[in-house]
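*Asks:* Sending over a structure as structure tokens; questions will come in a sec.
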Amino acid sequence: MGDVVRFVPKSELERARLIAEARAIYDSIFPPAAPDRAPQDGEERVKT
């Protein structure tokens, strides 16, 4: 007893879904830097 049920508007759920989708697309185009990863063939080492 005493549980609080929060109403989440449909627009807020849609906004969160779109942000997650955009982030996934961005990460597929610009993968996060992995400094411990060895360069692949034909790839230069990134200096930081």
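If you read the sequence shown in the numbering used here, its first letter stands for residue 817, the second for the next number, and so on.
All C-beta atoms in this analysis are idealised placements derived from N, C-alpha and C, irrespective of residue type, glycine included.
Predicted model only: the values in this text are computed from it and were never measured.
How many Å lie between serine 844 and isoleucine 835 at the Cα?
*Replies:* 14 Å
*Asks:* Going by DSSP in three states, alanine 840 sits in which element: helix, strand or coil?
*Replies:* Helix.
*Asks:* Grouping DSSP H, G and I as helix and E and B as strand, with all else coil, what is arginine 833?
*Replies:* helix
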